[in-house]
Amino acid sequence: MQNQEQGKENMFDITFDNDTDELNIPILKVGDSTEPMLRNYMAYEQLFAWEGPNFFVDYVVFMDKLIKGYGVTTPEDFYCKDIADQVNKHCKRKRNILREKLK
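Going by the UniProt record's numbering, the final residue of the sequence shown carries number 103, and the count climbs one at a time with no gaps.
Laid out in structure tokens, this is it:
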């Protein structure tokens, strides 16, 4: 997993390169106000859920599952679905499972 260069403006610009098996996530500086800010954005999105995808909700779910190592859930309307599918496929490869068990 690689952090992208700091010049990126969009925290949702998450990519997975199948050739190099690299997951690239823009840097998100976390501070005391990060959790309340994300919760407020998530609440706002859910208030207007019928108007489009839930970018913040999906981002938080994606990062939570990735950090906790549960694998990434991928409902059909999930904003990060393509990337989540690629990450799950990568993590399910035998060599990656064996490598993790040997740590």
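Note that CB positions come from ideal geometry on N, CA and C, so glycine has one too. Treat the numbers as computed from the prediction; the structure is a model and nothing was measured.
Verify whether the separation of the beta carbon atoms of residue i and residue j is less than 7 Å.
| i | j | result |
| --- | --- | --- |
| residue 56 | residue 41 | yes |
| residue 23 | residue 11 | no |
| residue 17 | residue 90 | no |
Along the chain, where does the beta strand (DSSP E) that runs through residue i open and close?
| i | result |
| --- | --- |
| residue 22 | 22-25 |
| residue 64 | No beta strand (DSSP E) holds residue 64; the alpha helix (DSSP H) holding it covers 55-68. |
| residue 16 | 15-17 |
Could you give the residue range of the alpha helix (DSSP H) that holds residue i?
| i | result |
| --- | --- |
| residue 82 | 81-91 |
| residue 10 | Here residue 10 belongs to no alpha helix (DSSP H), and DSSP marks it neither H nor E. |
| residue 49 | Looking at the DSSP string, residue 49 is not in any alpha helix (DSSP H), and its letter there is neither H nor E. |
| residue 101 | 94-102 |
Just to confirm my understanding: we take residue i, look at its own chain, exclude 5 residues before and 5 after, and list those with CB closer than 7 Å. What are they?
| i | result |
| --- | --- |
| residue 31 | none |
| residue 60 | 38 and 42 |
| residue 34 | none |
Tell me which same chain residues have a C-beta within less than 6 Å of the C-beta of residue i, skipping the five on either side of it?
| i | result |
| --- | --- |
| residue 13 | 26 |
| residue 83 | 14 and 16 |
| residue 45 | 54, 56 and 57 |
Quick one: residues in its chain with C-beta nearer than 8 Å to the C-beta of residue i, no 5 flanking neighbours on either side, listed in chain order?
| i | result |
| --- | --- |
| residue 104 | Since the displayed the chain opens at 1 and closes at 103, residue 104 lies outside it and no answer follows. |
* Asked: For the segment 93-102 against the segment 43-52, are there 3 or more C-beta pairs whose distance is under 8 Å?
  -> no
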